[in-house]
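**Student:** Protein chains in written order, with my numbering: chain Z, 1 to 351; chain U, 1 to 351. Note that beta-carbon positions come from the ideal geometry of N, C-alpha and C, so glycine has one too. Got a structure for you, questions after.
Number of protein chains: 2
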Amino acid sequence: MSTPGEFTLSCPMPHASSPVITMAHGGGGTAMHRLIEDVFLRAFDNPLLAQRHDAARIAIDGARIAFTTDSYVVQPLEFPGGDIASLAVHGTVNDLAMAGARPLYLSAGFILEEGLSIELLLRLVASMRRAADACGVQVVTGDTKVIERRGGDGLFINTAGIGVIEHDCVIGPGAVRPGDVVLINGDLGRHGIAIMATREGLEFETAIESDSAPVADAVLALLRGGVEVHCLRDLTRGGLVSAANEIAQAAGVGLHLRETDIPVRDDVRGACELLGFDPLYVANEGRFMAVVAADDAARALDVLRGHPQAPQPAIIGHAHADAPGRVTLESRIGAQRILDMLSGEQLPRIC
Amino acid sequence: MSTPGEFTLSCPMPHASSPVITMAHGGGGTAMHRLIEDVFLRAFDNPLLAQRHDAARIAIDGARIAFTTDSYVVQPLEFPGGDIASLAVHGTVNDLAMAGARPLYLSAGFILEEGLSIELLLRLVASMRRAADACGVQVVTGDTKVIERRGGDGLFINTAGIGVIEHDCVIGPGAVRPGDVVLINGDLGRHGIAIMATREGLEFETAIESDSAPVADAVLALLRGGVEVHCLRDLTRGGLVSAANEIAQAAGVGLHLRETDIPVRDDVRGACELLGFDPLYVANEGRFMAVVAADDAARALDVLRGHPQAPQPAIIGHAHADAPGRVTLESRIGAQRILDMLSGEQLPRIC
Numbered sequence: 001m002s003t004p005g006e007f008t009l010s011c012p013m014p015h016a017s018s019p020v021i022t023m024a025h026g027g028g029g030t031a032m033h034r035l036i037e038d039v040f041l042r043a044f045d046n047p048l049l050a051q052r053h054d055a056a057r058i059a060i061d062g063a064r065i066a067f068t069t070d071s072y073v074v075q076p077l078e079f080p081g082g083d084i085a086s087l088a089v090h091g092t093v094n095d096l097a098m099a100g101a102r103p104l105y106l107s108a109g110f111i112l113e114e115g116l117s118i119e120l121l122l123r124l125v126a127s128m129r130r131a132a133d134a135c136g137v138q139v140v141t142g143d144t145k146v147i148e149r150r151g152g153d154g155l156f157i158n159t160a161g162i163g164v165i166e167h168d169c170v171i172g173p174g175a176v177r178p179g180d181v182v183l184i185n186g187d188l189g190r191h192g193i194a195i196m197a198t199r200e201g202l203e204f205e206t207a208i209e210s211d212s213a214p215v216a217d218a219v220l221a222l223l224r225g226g227v228e229v230h231c232l233r234d235l236t237r238g239g240l241v242s243a244a245n246e247i248a249q250a251a252g253v254g255l256h257l258r259e260t261d262i263p264v265r266d267d268v269r270g271a272c273e274l275l276g277f278d279p280l281y282v283a284n285e286g287r288f289m290a291v292v293a294a295d296d297a298a299r300a301l302d303v304l305r306g307h308p309q310a311p312q313p314a315i316i317g318h319a320h321a322d323a324p325g326r327v328t329l330e331s332r333i334g335a336q337r338i339l340d341m342l343s344g345e346q347l348p349r350i351c
Numbered sequence: 001m002s003t004p005g006e007f008t009l010s011c012p013m014p015h016a017s018s019p020v021i022t023m024a025h026g027g028g029g030t031a032m033h034r035l036i037e038d039v040f041l042r043a044f045d046n047p048l049l050a051q052r053h054d055a056a057r058i059a060i061d062g063a064r065i066a067f068t069t070d071s072y073v074v075q076p077l078e079f080p081g082g083d084i085a086s087l088a089v090h091g092t093v094n095d096l097a098m099a100g101a102r103p104l105y106l107s108a109g110f111i112l113e114e115g116l117s118i119e120l121l122l123r124l125v126a127s128m129r130r131a132a133d134a135c136g137v138q139v140v141t142g143d144t145k146v147i148e149r150r151g152g153d154g155l156f157i158n159t160a161g162i163g164v165i166e167h168d169c170v171i172g173p174g175a176v177r178p179g180d181v182v183l184i185n186g187d188l189g190r191h192g193i194a195i196m197a198t199r200e201g202l203e204f205e206t207a208i209e210s211d212s213a214p215v216a217d218a219v220l221a222l223l224r225g226g227v228e229v230h231c232l233r234d235l236t237r238g239g240l241v242s243a244a245n246e247i248a249q250a251a252g253v254g255l256h257l258r259e260t261d262i263p264v265r266d267d268v269r270g271a272c273e274l275l276g277f278d279p280l281y282v283a284n285e286g287r288f289m290a291v292v293a294a295d296d297a298a299r300a301l302d303v304l305r306g307h308p309q310a311p312q313p314a315i316i317g318h319a320h321a322d323a324p325g326r327v328t329l330e331s332r333i334g335a336q337r338i339l340d341m342l343s344g345e346q347l348p349r350i351c
């Protein structure tokens, strides 16, 4: 029952058949996007949130600021190449970078489970500190809550981040044009596979480590290098395919990618085959895609080559005006296929 | 094993006897403060965090900004007078207010439990929207994660907030002086009792409702009214006593309070007696204490009288130079007692 001026939300039709939250809603796929649209974006329909970027861009007293948040529920808490705490720094730093901001400050909210080892907590907090130092950010405010023992998750972390925007590049799906070139900064699939291998107790000849790392410096190098960056997106839940679909749909363009140009390490590819995953859909935590003006593609590649935050930069495709919202792939043997977003996520609790 | 430049944390002695997190660590009492000091403040020892305020004050491109975060794990999710979502707005808005900032923007991170009713989620999100509108803030960025069914908590929420500082008042424990006057904006104990009564299935003649509400406008009224505000603190976990002890210790002053001047409603007092709680220790979610210059005490009371965010403003005590760090109470019958911070919290999961 609503009175004038009193905001309420009615249950949208698409959820009539799924009246409860499922794991799919957390997967970075269509179920999650529908939930965000139908529940959160409907409720908070302000222009800033409607930008549908990872980070909001706000102006305060003339300062141009980016503001973002992410919660981290990854299991296990420690994995090859990282842990939940450094991930909580990298993920939020990278969301700020996707808005073209220079990350400055983080908040850290800890939800601790009764029974969590304090020694483990100390280890994680020290890891968060090292990651923050390496990213050039400071954790300046925080909170601690405790919940009763349940499920043995140990802890959840939320970080919010503030960054400053120091350029005039208009970055967002709205800036994407047919003809734009798509680049990524490195090989795909490491994070999701590292997590899954740890959970499944799989051992490979060499442990596959998460690529959890900041990408902010690489992004800022592109911007300072004069590259006309139109859109940025990190390749987390749902992998490259999820990010590419988000951009294609929001920008109203088609994105065409070439499989031979998309770097995937042999061991990661082998593990994907073993586990039944497609590396293009697997989560990464140190990878982003950039959609740049065609004229600047070569320069963008130059900037990224040799950059420590770009292990294997590559031009992997382009935007075009056909079939807006669709992502297609030219396979190694020249066949064409559509890369649809999955409804759920292949791997739950990876970030 | 640490290499030069690599930050690690050793387990501090006080935790040798309690190697795991307990519910007490979440209580707002001494156990929580020790955890924050020994784990979090040691790790992130930068000047901003060391201010030990709820919100950090940062400067970006000349803009003076307050930044804070809180996680919300209250059970039940809906209670008389509020719910976890509006609480998540009020709590973070009020932390910004405690830094003397005008709240502007919030982020909202949702951790949803598998099985959570989407209808309930819609209700909570609409409540968050109404609360944000009433507080004059916008939720501009967010995140959604899903965890497997466990314990039936339903969801946890984290909000981070950004506010702007538009005055030159230096607010913090360091500004507190002997002779300063202590005020509060209303009667105590409603929130904790509302939660506990709901959990215990207690029914009173009239339901005791949480005082969950913003206090930012009341604080800004004090500042704009020219009151020399030295320190502010909201009276959440651990109640008035916890906040008073935090200020007394950080400021190095004694605080002396008078029981007859501290408003507590009869029904709340009765419920406290029934449940075995001291209202001075019970959590509030729409109450703050202000420590102001003695000369401005009367003006402060004038400003608050009649203010919608100050149901029962009262001068309740003063700061003095004796026994620094100690909080004392003159009881109704004139006896003196020390109000020590409890080690845990009387009521878990109240915010």
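Any beta carbon of chain U sitting closer than 8 Å to that of D171 (chain Z)?
**Tutor:** Taking the first residue of the first sequence as 1, we reach residue 171 (chain Z) at position 171. The identity of residue 171 (chain Z) in the sequence shown is Ile, whereas the question assumes Asp. It does not; no Cβ of chain U falls within 8 Å.
**Student:** Tell me D234 (chain Z)'s beta-bridge partners as DSSP assigns them.
**Tutor:** Looking up residue 234 (chain Z) in the first sequence gives position 234. According to DSSP, D234 (chain Z) bridges with Z:F288.
**Student:** Helix or strand or just coil, what does DSSP make of N158 (chain Z)?
**Tutor:** As a working mapping, residue 158 (chain Z) is identified with position 158 in the first sequence. The answer is strand: DSSP assigns N158 (chain Z) an E or B state.
**Student:** Output, in chain order, the set of chain Z residues within a Cβ distance shorter than 8 Å of I162 (chain U).
**Tutor:** Taking the first residue of the second sequence as 1, we reach residue 162 (chain U) at position 162. Going along chain Z in sequence order, the residues near I162 (chain U) (Cβ under 8 Å) are I58, I60, I65, F67, I162.
**Student:** Beta-carbon separation of I36 (chain Z) and T68 (chain U) under 8 Å?
**Tutor:** In the first sequence, residue 36 (chain Z) corresponds to position 36, counting from 1. In the second sequence, residue 68 (chain U) corresponds to position 68, counting from 1. Contact flag unset, no.
**Student:** Just the chain Z side, please: which residues come within less than 7 Å of L35 (chain U) by C-beta, in chain order?
**Tutor:** For the purposes of this step, residue 35 (chain U) is taken as the residue at position 35 of the second sequence. By Cβ distance, chain Z contributes T144.
**Student:** Please specify which runs of the beta strand (DSSP E), each continuous and at least 3 residues long, are wholly inside the stretch 145-212 of chain U, giving them in chain order.
**Tutor:** Within the stretch 145-212 of chain U, the complete beta strand (DSSP E) runs of at least 3 residues are 155-164, 181-184.
**Student:** If you reduce the DSSP assignment to three classes, tell me which class R332 (chain Z) lands in.
**Tutor:** As a working mapping, residue 332 (chain Z) is identified with position 332 in the first sequence. Three-state result, R332 (chain Z): coil.
**Student:** What residues in its chain sit with their C-beta under 6 Å from that of L48 (chain Z), if we drop five residues either side in the sequence?
**Tutor:** Within the first sequence, residue 48 (chain Z) is the residue found at index 48, counting from 1. If we look at L48 (chain Z) and ignore the five residues flanking it on each side, its Cβ neighbours are A56.
**Student:** Can you tell me where the beta strand (DSSP E) holding T30 (chain Z) begins and where it ends?
**Tutor:** In the first sequence, residue 30 (chain Z) corresponds to position 30, counting from 1. Taken as a continuous stretch (DSSP letters only), T30 (chain Z) belongs to no beta strand (DSSP E), being part of the alpha helix (DSSP H) at 30-35.
**Student:** Indicate whether G109 (chain U) and I147 (chain U) have their beta-carbon atoms separated by less than 8 Å.
**Tutor:** Against the second sequence, residue 109 (chain U) aligns to sequence position 109. Against the second sequence, residue 147 (chain U) aligns to sequence position 147. No; because the gap between Cβ atoms is not below 8 Å, this pair is not in contact.
**Student:** Can you list the residues of chain Z that Q138 (chain U) reaches, using a CB-CB cut of under 8 Å?
**Tutor:** Taking the first residue of the second sequence as 1, we reach residue 138 (chain U) at position 138. Per Cβ cutoff of 8 Å: F44, N46, L48, L49.
**Student:** If contact means a Cβ-Cβ distance below 8 Å, which residues of the stretch 94-106 of chain U contact chain Z?
**Tutor:** So the close ones are L104, Y105.
**Student:** Whose C-beta lies closer than 8 Å to the C-beta of A297 (chain Z) among residues of the same chain, with five residues either side of it excluded?
**Tutor:** One-based indexing of the first sequence puts residue 297 (chain Z) at position 297. For A297 (chain Z), where only same-chain residues beyond five positions count, the Cβ hits under 8 Å are V181, L183, I315.
**Student:** Please report the straight-line C-alpha distance between R326 (chain Z) and H318 (chain Z), rounded to a whole angstrom.
**Tutor:** The residue you call residue 326 (chain Z) lines up with position 326 of the first sequence. The residue you call residue 318 (chain Z) lines up with position 318 of the first sequence. Cα to Cα, R326 (chain Z) sits roughly 12 Å from H318 (chain Z).
**Student:** Cβ of E6 (chain Z) within 8 Å of Cβ of R123 (chain U)?
**Tutor:** Counted from its first residue, the first sequence places residue 6 (chain Z) at position 6. Counted from its first residue, the second sequence places residue 123 (chain U) at position 123. Result no, Cβ atoms of E6 (chain Z) and R123 (chain U) do not sit closer than 8 Å.
**Student:** In chain U, what lies closer than 7 Å to E200 (chain Z) by C-beta?
**Tutor:** Here residue 200 (chain Z) corresponds to residue number 200 of the first sequence, with the count starting at 1. Under the 7 Å cutoff, chain U gives no residues; its nearest Cβ is about 17 Å from E200 (chain Z).
**Student:** Report the neighbours of I352 (chain U) on chain Z: residues whose CB is nearer than 7 Å to its CB, in chain order.
**Tutor:** Within the shown structure, residues of chain U are numbered from 1 to 351, placing residue 352 (chain U) beyond reach of any answer.
**Student:** Report the residues of the stretch 121-137 of chain Z with a CB closer than 8 Å to any CB of chain U, ordered along the chain.
**Tutor:** Here the close residues are L121, L122, R123, V125, A126, M128, R129, R130, A132, D133.
**Student:** Under a Cβ-count criterion, where at least 16 other Cβ atoms within 10 Å of its own Cβ denotes burial, should I333 (chain Z) be classed as buried or exposed?
**Tutor:** For the purposes of this step, residue 333 (chain Z) is identified with residue 333 of the first sequence, where counting begins at 1. Per the 10 Å Cβ criterion, exposed.
**Student:** Is the beta carbon of A218 (chain U) sitting closer than 8 Å to the one on H90 (chain U)?
**Tutor:** Sequence index remark: in the second sequence, residue 218 (chain U) carries index 218 (1-based). Sequence index remark: in the second sequence, residue 90 (chain U) carries index 90 (1-based). Going by C-beta atoms, A218 (chain U) is not nearer than 8 Å to H90 (chain U).
**Student:** Answer yes if the stretch 214-233 of chain Z comes into contact with the stretch 69-82 of chain Z, meaning at least three C-beta pairs across the two stretches below 8 Å, and no otherwise.
**Tutor:** The stretch 69-82 of chain Z vs the stretch 214-233 of chain Z: no contact.
**Student:** Would you tell me roughly how many angstroms separate the C-alpha atoms of A107 (chain Z) and N185 (chain U), rounded to the nearest one?
**Tutor:** Taking the first residue of the first sequence as 1, we reach residue 107 (chain Z) at position 107. Taking the first residue of the second sequence as 1, we reach residue 185 (chain U) at position 185. Here the sequence assigns Ser to residue 107 (chain Z), which means Ala is not the residue at that position. Distance between the alpha carbons of S107 (chain Z) and N185 (chain U): 28 Å.
**Student:** What residues are listed by DSSP as bridge partners for D95 (chain U)?
**Tutor:** As a first step, residue 95 (chain U) must be located in the second sequence, where it is residue number 95. Per DSSP, none; premise fails for D95 (chain U).
**Student:** Taking 8 Å as the threshold, find out whether the stretch 278-298 of chain Z comes into contact with the stretch 21-29 of chain U through three or more Cβ pairs.
**Tutor:** As far as the Cβ criterion goes, the stretch 278-298 of chain Z does not touch the stretch 21-29 of chain U, which means the pair count is below three.
**Student:** Helix, strand or coil, according to DSSP, for R130 (chain Z) in the structure here?
**Tutor:** Position 130 of the first sequence, counted from the first residue, corresponds to residue 130 (chain Z). R130 (chain Z) falls in the helix class under three-state DSSP.
**Student:** Given a cut-off of 8 Å, decide if A248 (chain U) and L240 (chain U) are closer than it, judged by their beta-carbon atoms.
**Tutor:** Here the question's residue 240 (chain U) lines up with position 240 in the second sequence. Here the question's residue 248 (chain U) lines up with position 248 in the second sequence. In this structure, A248 (chain U) does not lie closer than 8 Å to L240 (chain U) by Cβ.
**Student:** How about P308 (chain U): is its C-beta nearer than 8 Å to some C-beta of chain Z?
**Tutor:** Along the second sequence, one-based indexing puts residue 308 (chain U) at 308. No - not a single Cβ of chain Z is within 8 Å of the one on P308 (chain U).
**Student:** Starting from the Cα of G172 (chain U), find the closest Cα among U:L155, U:A101, U:C135 and give me that residue.
**Tutor:** Here the question's residue 172 (chain U) lines up with position 172 in the second sequence. Considering only alpha carbons, the answer is U:A101.
**Student:** Whole angstroms is fine: what's the gap from S2 (chain U)'s alpha carbon to A43 (chain U)'s?
**Tutor:** Here residue 2 (chain U) corresponds to residue number 2 of the second sequence, with the count starting at 1. Here residue 43 (chain U) corresponds to residue number 43 of the second sequence, with the count starting at 1. Unreliable positioning characterises S2 (chain U) in this predicted model, as indicated by a pLDDT of 39, which lies under 50. A coordinate reading is not provided.
**Student:** Taking just the CA atoms, how far does A66 (chain U) sit from I162 (chain U)?
**Tutor:** Position 162 of the second sequence holds residue 162 (chain U). Position 66 of the second sequence holds residue 66 (chain U). Rounded to whole angstroms, I162 (chain U) to A66 (chain U) spans 6 Å at the Cα level.
**Student:** Which of the three DSSP states is assigned to L222 (chain U) in this structure?
**Tutor:** Locating residue 222 (chain U) in the second sequence gives position 222, where the first residue counts as 1. In this structure, L222 (chain U) counts as helix in the three-state DSSP scheme.
**Student:** What do you get for G200 (chain Z), buried or exposed, if any count of 16 or more other CB atoms within 10 angstroms of its CB means buried?
**Tutor:** For this step, residue 200 (chain Z) is matched to residue 200 along the first sequence. Note that residue 200 (chain Z) is Glu in the sequence shown, not Gly. The residue is exposed, with fewer than 16 neighbouring Cβ atoms inside 10 Å.
**Student:** So, under 8 Å CB-CB, R190 (chain Z) and V268 (chain Z) are touching, yes? Tell me the CB distance rounded to an integer number of Å.
**Tutor:** Against the first sequence, residue 190 (chain Z) aligns to sequence position 190. Against the first sequence, residue 268 (chain Z) aligns to sequence position 268. The pair is a contact, with the Cβ atoms about 6 Å apart (cut-off 8 Å).
**Student:** In chain Z, what lies closer than 8 Å to F7 (chain U) by C-beta?
**Tutor:** Within the second sequence, residue 7 (chain U) is the residue found at index 7, counting from 1. Correct list: A126, R129, R130, D133.
**Student:** Kindly indicate if chain Z contains any beta-carbon less than 8 Å away from that of A55 (chain U).
**Tutor:** What you label residue 55 (chain U) is simply residue 55 of the second sequence in a count that begins at 1. Taking Cβ atoms only, chain Z reaches closer than 8 Å to A55 (chain U), which makes this a yes.
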